[in-house]
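Trainee: The structure's right below; bear with me while I get my questions together.
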Amino acid sequence: MFHIYCPHCGEYREEEEFHAKGQAHIARPLDPEACSDKEWGEYLFFRKNPRGLHHELWVHAAGCRKFFNVTRDTQTYEIKEVYKIGEQPSFVTEE
Amino acid sequence: MSDNVVVEEKPVDTVAIMNQLPGADIVGQSPLHHAELDALSKKGVRKGGVHLRENKLQAHLTLRCNPNNTEQLAAVVRVLDVALPLQPLTSVEKGDVSIRWISPDEWLIVVPGEKAFEVETRFREEMEGHHSLVNSSGGSTILELSGDNVVDMLKKSTPIDLHPKEFPVGKVVSTVFAKSSAIIRRTGDKRFELVIRRSFADYIWLWIQDASREFGLVIEA
Ligand SMILES: [Zn+2]
Chain G
63 MFHIYCPHCG EYREEEEFHA KGQAHIARPL DPEACSDKEW GEYLFFRKNP
113 RGLHHELWVH AAGCRKFFNV TRDTQTYEIK EVYKIGEQPS FVTEE
Chain A
443 MSDNVVVEEK PVDTVAIMNQ LPGADIVGQS PLHHAELDAL SKKGVRKGGV
493 HLRENKLQAH LTLRCNPNNT EQLAAVVRVL DVALPLQPLT SVEKGDVSIR
543 WISPDEWLIV VPGEKAFEVE TRFREEMEGH HSLVNSSGGS TILELSGDNV
593 VDMLKKSTPI DLHPKEFPVG KVVSTVFAKS SAIIRRTGDK RFELVIRRSF
643 ADYIWLWIQD ASREFGLVIE A
């Protein structure tokens, strides 16, 4: 059993209820038409793939259906922290 | 910035609502109509560890609004005579109205089927601002499960911790149930309520029969 804390439900739930949604904190360019092809392509397609700490977006798919952020170690699978959208992580990832 | 034409958004002040009940002379059918639970309740076993009753043809209304908007919260009390449960994973019940917390800005309201249109109409009159009320009655049904082995049966079906310390009476969770999903609420020590999807109702009915086999399943009308 692998439990994940949902900050909206306020309790740990079985991993089966959640889905990972990829890298967190990806801001859409404010003025897409001013982007170069490289900038737009990187926004759309390029993602980090670190060995170690990673900020990720998760959704409580079978529960409250809300999104939230997770800082997770991709090497050990350990979840370091869970925080709501709009909040900042307290763990800093290596760039 | 772009040269795209921005269409001016006009506030919608009329919402199309209709009475989904065709009339007293047309009898509705629940998603488990074909299972003939009424007939089974008369000829089936009388003793068993799990009791099942379908609480069918209720009005299921999904309300989404702002939990920080005190005027919207007050409007709910005017319409339903009971306040929204704002604490996560809680529910309230008063008379024939029950409300389940689904998400920080979403609740499932259940009232008797014939009251759906009246409650919907009252919400349109009373509630202001950005909100949504959807009548999803036809999309789901309610199963009431009880008995000495009801927890044993549920443990086969969902990863939720059902220990009374973790799951007291009144708690409600949306979760996975078998290969489907359910909104599970504890309504008593050995009594639970499942809100399940219409298209999965037959599958869950078969699942519950199978999972209850070792305890004995009693169908109640
Ligand atoms: Zn949740």
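In the order they appear, the protein sequences are chains G and A.
Going by this note's numbering, the residue at position 45 of the first sequence is 107; the numbering climbs one at a time, nothing skipped.
Going by this note's numbering, the residue at position 97 of the second sequence is 539; the numbering climbs one at a time, nothing skipped.
Every residue, glycine too, gets a C-beta built ideally from N, C-alpha and C.
Using a beta-carbon distance cut-off of less than 7 Å, what residues from the region 118 to 135 of chain G approach chain A?
Mentor: A124, G125, C126, R127 and K128
Trainee: Kindly list, in the order they appear in chain G, the residues whose Cβ is closer than 7 Å to that of A:T617.
Mentor: E79, A124 and G125
Trainee: Have a look at A:K536 and G:T155 and give me their C-alpha separation to the nearest angstrom.
Mentor: 50 Å
Trainee: Do we get a CB-CB distance below 7 Å when we pair G:G148 with the residues of chain A?
Mentor: no
Trainee: Given this structure, state the Cα-to-Cα distance separating G:P151 from G:E118, to the nearest angstrom.
Mentor: 11 Å
Trainee: What residues match up with A:R640 in a beta bridge as DSSP calls it?
Mentor: Per DSSP, none; premise fails for A:R640.
Trainee: Is G:H81 near G:Y74, with beta carbons less than 7 Å apart?
Mentor: no
Trainee: Give the straight-line distance between the Cα atoms of A:R520 and A:K557, rounded to the nearest whole angstrom.
Mentor: C-alpha separation (whole angstroms): 15 Å.
Trainee: Mind pulling the chain G residues with CB within less than 9 Å of A:S483?
Mentor: Going along chain G, no residue has its Cβ under 9 Å from A:S483, so there is no contact; the nearest lies around 31 Å.
Trainee: Less than 7 Å between the C-beta atoms of A:V534 and A:I544, yes or no?
Mentor: Not a contact, by the Cβ cut-off of 7 Å.
Trainee: Around the C-beta of A:E562, are 16 or more other C-beta atoms found within 10 angstroms, so that it is buried, or is it exposed?
Mentor: With 16 or more Cβ atoms within 10 Å of its Cβ, A:E562 is classed as buried.
Trainee: From the DSSP output, in three-state form, read off G:Y145 for me.
Mentor: strand
Trainee: So with CB distances below 7 Å, who are the chain A contacts of G:E76?
Mentor: Near G:E76 (Cβ distances below 7 Å), the residues of chain A are P601.
Trainee: Apart from the five residues just before and just after A:Q473, which ones in its own chain have a Cβ nearer than 6 Å to its Cβ?
Mentor: Inspection of the sequence shows that residue 473 of chain A is occupied by Pro rather than by Gln. These residues qualify, in order along the chain: T583, R640 and A643.
Trainee: Are the beta-carbon atoms of G:P69 and G:K146 separated by less than 7 Å?
Mentor: Less than 7 Å separates the beta-carbon of G:P69 from that of G:K146.
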